[in-house]
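Using the working numbering, the first residue of the sequence shown is number 263, and each one after it goes up by one. Backbone N, C-alpha and C fix where the C-beta goes; we use that ideal spot for every residue, glycine too. Here the structure is a predicted model, which means the values were calculated and not measured.
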Amino acid sequence: MSFTVPHAELAHLEEQVQHALRTTDGRALDVLGYGEVTLVLRLRAGEETFACKRLPVFPDRGRFERYEKGLAEYLRRLTDSGLNVAGTELWHTRLPSGRIVAYCVQRELPPHRLCSRLLHTEDEIWAKDFFARFLDQVDRAVQPALGLDAQAANWVDVGGELMYVDVTTPLMRDARGRERLDVRLFFSSLPWILRDAVRISMSGSIFDKFYETRGVLLDFLGNLHKEQLHSLVPAFLDQANARLAEPITAEEVAAYYRADARMWELIQRLRRADRFWHKRIKRSTYPFLLPPRVDR
Ligand SMILES: Nc1ncnc2c1ncn2[C@@H]1O[C@H](COP(=O)(O)OP(=O)(O)OP(=O)(O)O)[C@@H](O)[C@H]1O
Ligand SMILES: [Mg+2]
Numbered sequence: 263m264s265f266t267v268p269h270a271e272l273a274h275l276e277e278q279v280q281h282a283l284r285t286t287d288g289r290a291l292d293v294l295g296y297g298e299v300t301l302v303l304r305l306r307a308g309e310e311t312f313a314c315k316r317l318p319v320f321p322d323r324g325r326f327e328r329y330e331k332g333l334a335e336y337l338r339r340l341t342d343s344g345l346n347v348a349g350t351e352l353w354h355t356r357l358p359s360g361r362i363v364a365y366c367v368q369r370e371l372p373p374h375r376l377c378s379r380l381l382h383t384e385d386e387i388w389a390k391d392f393f394a395r396f397l398d399q400v401d402r403a404v405q406p407a408l409g410l411d412a413q414a415a416n417w418v419d420v421g422g423e424l425m426y427v428d429v430t431t432p433l434m435r436d437a438r439g440r441e442r443l444d445v446r447l448f449f450s451s452l453p454w455i456l457r458d459a460v461r462i463s464m465s466g467s468i469f470d471k472f473y474e475t476r477g478v479l480l481d482f483l484g485n486l487h488k489e490q491l492h493s494l495v496p497a498f499l500d501q502a503n504a505r506l507a508e509p510i511t512a513e514e515v516a517a518y519y520r521a522d523a524r525m526w527e528l529i530q531r532l533r534r535a536d537r538f539w540h541k542r543i544k545r546s547t548y549p550f551l552l553p554p555r556v557d558r
């Protein structure tokens, strides 16, 4: 599954991103997907196309190397648990300031095979079969120290095999249950007002759900509302509850989604305000590209 990242092309892509940041105009970029945290860009190089996920800028080599180790371990542990993880290479370059820009690079998988898309285009029989395969994968992978962000937009069905793509935020905990991720760095796209509050009060609870099957499933089901796929919730609940000691209810899914949507909407609003502050008041470059407004 390993491949060589085309260095010159990635360096060029990064120049385009820098330009987009300076002008806050991302229209020249070929965007494959907007997540809540990363921006995923398509890169063509010769015959191949890649999905390139720009990470928050690392302040120094030590922070980068820590991430590099964590990512490698996360990929290995997911693979050992039987999950099919999209082959991922970490590419980086050093800025004149000594800071490090890095991308998680994967081969581009066929966009029409993204499961959040297939759940719209295929019928309910496909959906139920997908969900059975999905439950097997989640159940095998998720552990108290190994987490998964399993929403439908993070899986691609390639020839009947589910491939997991969302690895940029390695979800692992140490023996004392603390996040091993550089949470401070990964929350650096949040406005400073939120950063401390979020880090201290929410990081535990934001992440808890990823480390137990029930939480992962609740998050998956809640996200179906965002994808306008709520009609699938009853059938999926039957399948999920057959495996859970404490069943999930439709009301719980809806309430979960409302709370989650409100939180992200607030964060995006504050980010836009923060960008405005950087550009117009401080006259400096805002270091992130923001996704467009999402209907929730
Ligand atoms: N290898 C790939 N091939 C094709 N499309 C991809 C690939 N990886 C990601 N994408 C597209 O980009 C979207 C976002 O990617 P991904 O889930 O990796 O990042 P993310 O959700 O932004 O992560 P996070 O929320 O942890 O920052 C996916 O939902 C998918 O549409
Ligand atoms: Mg994702």
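With respect to 7 angstroms, is the separation between the Cβ of residue i and the closest non-hydrogen atom of ligand 2 below this value?
i	result
Asn416	yes
Asp428	yes
Smallest Cα separation from residue i: which of the options?
i	options	result
Ala502	Ala282, Ala523 and Val478	Val478
Tyr426	Ala523, Arg505, Arg375 and Val319	Arg375
Leu357	Ala348, Leu340 and Glu277	Glu277
Leu410	Leu424, Leu340 and Asp398	Leu340
Val515	Ser467, Leu486, Phe326 and Glu508	Leu486
Pro496	Val400, Lys390 and Gln530	Lys390
Arg379	Leu532, Trp417, Ala437 and Arg402	Trp417
Arg402	Glu441, Ala517, Asn346 and Gly421	Asn346
Phe392	Thr383, Val404, Ala407 and Leu424	Leu424
Leu333	Val267, Arg442, Asp385 and Phe538	Arg442
Arg395	Ala437, His540 and Phe498	Phe498
Leu494	Asp287, Ala270, Ile387 and Phe265	Ile387
Thr266	Glu310, Arg289 and Arg338	Glu310
So is the beta-carbon of residue i under 7 angstroms away from any non-hydrogen atom of ligand 1?
i	result
Gly295	yes
Leu275	no
Lys471	no
Ala239	The requested residue 239 is not part of the displayed model; the chain covers only 263 to 558.
Val319	no
Thr383	no
Leu371	yes
Leu376	yes
Gln368	yes
Val420	no
Thr300	yes
Beta carbon of residue i, beta carbon of residue j: below 8 angstroms?
i	j	result
Asp470	Tyr329	no
Trp353	Tyr365	yes
Thr350	Val363	no
Thr475	Val400	yes
Asp419	Cys377	yes
Leu291	Val279	yes
Asp348	Leu381	Per the sequence shown, the amino acid found at residue 348 is Ala instead of Asp. Contact flag unset, no.
Gln322	Gly360	One point to set straight first is that residue 322 is Asp, not Gln, in the sequence displayed. Taking 8 angstroms as the Cβ cut-off, Asp322 and Gly360 qualify as a contacting pair.
Gln368	Phe312	yes
Ala523	Lys488	yes
Leu480	Tyr518	yes
Ala407	Arg435	yes
Using C-beta distances below 6 angstroms, list every residue in its chain close to residue i, excluding the 5 sequence neighbours before and after it, in chain order.
i	result
Leu447	Pro318
Thr430	Thr300, Lys315 and Cys366
Phe482	Ala412 and Gln413
Thr547	Leu283 and Arg284
Leu433	Gly409 and Phe472
Leu272	Trp353
Phe320	Phe326 and Ile362
Asp428	Asp411 and Asn416
Arg440	none
For residue i, which residues of its own chain have a beta-carbon under 7 angstroms away from its beta-carbon, when the five flanking residues on both sides are left out?
i	result
Leu275	Leu303, Leu305 and Cys314
Pro509	Asn503
Counting only the same chain and skipping the five closest in sequence on each side, list residues whose C-beta sits under 8 angstroms from that of residue i.
i	result
Lys331	none
Gly308	Pro268
Leu506	Thr475, Arg476 and Leu479
Ser264	Gly349 and Glu351
Pro373	Leu294 and Arg379
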